[in-house]
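Per this note's numbering, the sequence shown starts with residue 1, numbered consecutively.
Glycine included, each C-beta is placed from N, C-alpha and C at the ideal position.
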Amino acid sequence: MANTIVDTDYLFLSARIKAMECSLLSHERMERMLEAPSAEDAAKVLQECGYAEMPQVGEQALEKALAEQREKTFHELYTSVPDHNIIDVFKVKYDYHNAKTVLKAEAMGLDPTPLLVDTGRVPPQELLEKVRSTDLRGLPPILQSAIGEAREVLGTTGDPQLADFVLDRAYFQDMFHIAQESGSAFLEGYVRIQIDSANLRSVVRTLRMGKSMEFLRGVLFEGGNIDTNRILNNAAGGNLEDLYAVSPLKEAAEAGSAALNGGRLTRFEKLCDDAVLSYVAGAKYVAFGEAPVIGYLAAKENEFTAVRIIMNGRMAGLDADTIRERLRDSYV
Numbered sequence: 001m002a003n004t005i006v007d008t009d010y011l012f013l014s015a016r017i018k019a020m021e022c023s024l025l026s027h028e029r030m031e032r033m034l035e036a037p038s039a040e041d042a043a044k045v046l047q048e049c050g051y052a053e054m055p056q057v058g059e060q061a062l063e064k065a066l067a068e069q070r071e072k073t074f075h076e077l078y079t080s081v082p083d084h085n086i087i088d089v090f091k092v093k094y095d096y097h098n099a100k101t102v103l104k105a106e107a108m109g110l111d112p113t114p115l116l117v118d119t120g121r122v123p124p125q126e127l128l129e130k131v132r133s134t135d136l137r138g139l140p141p142i143l144q145s146a147i148g149e150a151r152e153v154l155g156t157t158g159d160p161q162l163a164d165f166v167l168d169r170a171y172f173q174d175m176f177h178i179a180q181e182s183g184s185a186f187l188e189g190y191v192r193i194q195i196d197s198a199n200l201r202s203v204v205r206t207l208r209m210g211k212s213m214e215f216l217r218g219v220l221f222e223g224g225n226i227d228t229n230r231i232l233n234n235a236a237g238g239n240l241e242d243l244y245a246v247s248p249l250k251e252a253a254e255a256g257s258a259a260l261n262g263g264r265l266t267r268f269e270k271l272c273d274d275a276v277l278s279y280v281a282g283a284k285y286v287a288f289g290e291a292p293v294i295g296y297l298a299a300k301e302n303e304f305t306a307v308r309i310i311m312n313g314r315m316a317g318l319d320a321d322t323i324r325e326r327l328r329d330s331y332v
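If you want it as structure tokens, here you go:
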């Protein structure tokens, strides 16, 4: 049974979120990172956002700093949010990342431990032990079922992509289930536009690869604002603009059509992410309730992506303009 959201339960937390937003990676801070003399100087800007110092800038140090920041964010809010479903929608992604990692490592006879992430609902070591013992009892039901099915698919076909799709489908189903349980229409809307964005990406990739509509049917996810049958009908005619004409993904769909005619995917991918952020950005204008918490968590996810793009670009010696065109919009 779905919970009932009581806005006033979030009064204190909403005020705290407004203060926490001041530490988000703003557009101004991103520009300073881009224009900093070196990758080391760029990393120093992140300390203003609460990130740990990186004495040695490198991929390993970056991932460690991001992991610590993610864990800190979830821990801070988990202890004070009235309904843990609000946080779990954002944690669930890491359960499915860990499940994919464990199953692939198992198939290849490798140790997955270095690649596991410690910010899901299930501690990674517990997940690893349950998969190894084949006793999945105690895991969240949708995750439990998906791991069993993905393992079977991987064993039968030897195709990790097919196993990944089983887990991706379950991931969106799990997110949608948690959002519905929370009773938050805003959270459900966030999950729906995530699914719309994922489906639009699937359409563009499928058409670019010249795959059939039957293939596309198999890689679309249920639960979005736009019905999968409508997507299939429009995709068959290569007509994306009409399908998304009144959707936040309108601009992304136009860029997707351009990508089908030889245009670059970079702008399309960016606009898909920007549409999701545009939806949650509405939370900034809500005085109190669960929406500011959801908006902040989505902003942090967007921030982690931006930090990776900027720092990896700086470490690779890319110029500021090349990095800038890959960046998503900023929440603040």
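Asked                                                                                                                                                                                                 : Found
Is A198 near F215, with beta carbons less than 8 Å apart?                                                                                                                                             : no
For the region 146-206, list the alpha helix (DSSP H) runs that are entirely contained and at least 4 residues long, ordered along the chain.                                                         : 160-182
Please report how far the alpha carbon of A150 lies from the alpha carbon of R32, in whole angstroms.                                                                                                 : 44 Å
Going by the beta-carbon positions, is the gap between V131 and A67 smaller than 8 Å?                                                                                                                 : no
Can you find the residues in the same chain that come closer than 6 Å, C-beta to C-beta, to L243, ignoring five residues on each side of it along the sequence?                                       : N234
With DSSP as the reference, label F288 as helix, strand or coil.                                                                                                                                      : coil
Rounding to the nearest angstrom, what Cα-Cα distance links Y96 and E269 in this structure?                                                                                                           : 22 Å
What would DSSP say about R328, mapped onto helix, strand or coil?                                                                                                                                    : coil
Enumerated in chain order, which unbroken segments of the alpha helix (DSSP H) with a length of 4 residues or greater are wholly contained in the region 258-306?                                     : 265-281
Using 8 Å as the cut-off, can you tell me whether the region 271-278 makes contact with the region 54-63, which would need three or more C-beta pairs spanning the two stretches below that distance? : no
With distances taken between CB atoms, is the gap from V204 to L260 smaller than 8 Å?                                                                                                                 : yes
In whole angstroms, give me the CA-to-CA distance for A236 and A298.                                                                                                                                  : 33 Å
With contact counted as at least three CB pairs below 8 Å, one residue from each stretch, are the region 123-137 and the region 153-168 in contact?                                                   : no
How would you call S212, buried or exposed, if buried means at least 16 neighbouring beta carbons within 10 angstroms?                                                                                : exposed
Tell me which residues share the same chain as S98 and place their Cβ nearer than 7 Å to its Cβ, disregarding the 5 neighbours each side in the sequence.                                             : In the sequence as displayed, the identity of residue 98 is Asn instead of Ser. Here the set comprises L116, V117, G120, P124 and L127.
Give me, in chain order, the residues of the same chain whose beta-carbon lies closer than 6 Å to that of D83; leave out the 5 immediate sequence neighbours on both sides.                           : N3 and S182
In angstroms with no decimal places, state the Cα-to-Cα distance between Q285 and Y279.                                                                                                               : According to the sequence shown, residue 285 is Tyr rather than Gln. Between Y285 and Y279, the C-alpha separation is close to 12 Å.
Run through DSSP, which three-state label would S247 get?                                                                                                                                             : coil
On the three-pair Cβ rule with 8 Å, is the region 104-115 touching the region 72-86?                                                                                                                  : no
Using only the alpha-carbon positions, how far apart do M344 and N239 sit?                                                                                                                            : The displayed coordinates of the chain run from 1 to 332. Any statement about residue 344 would go beyond what the structure contains.
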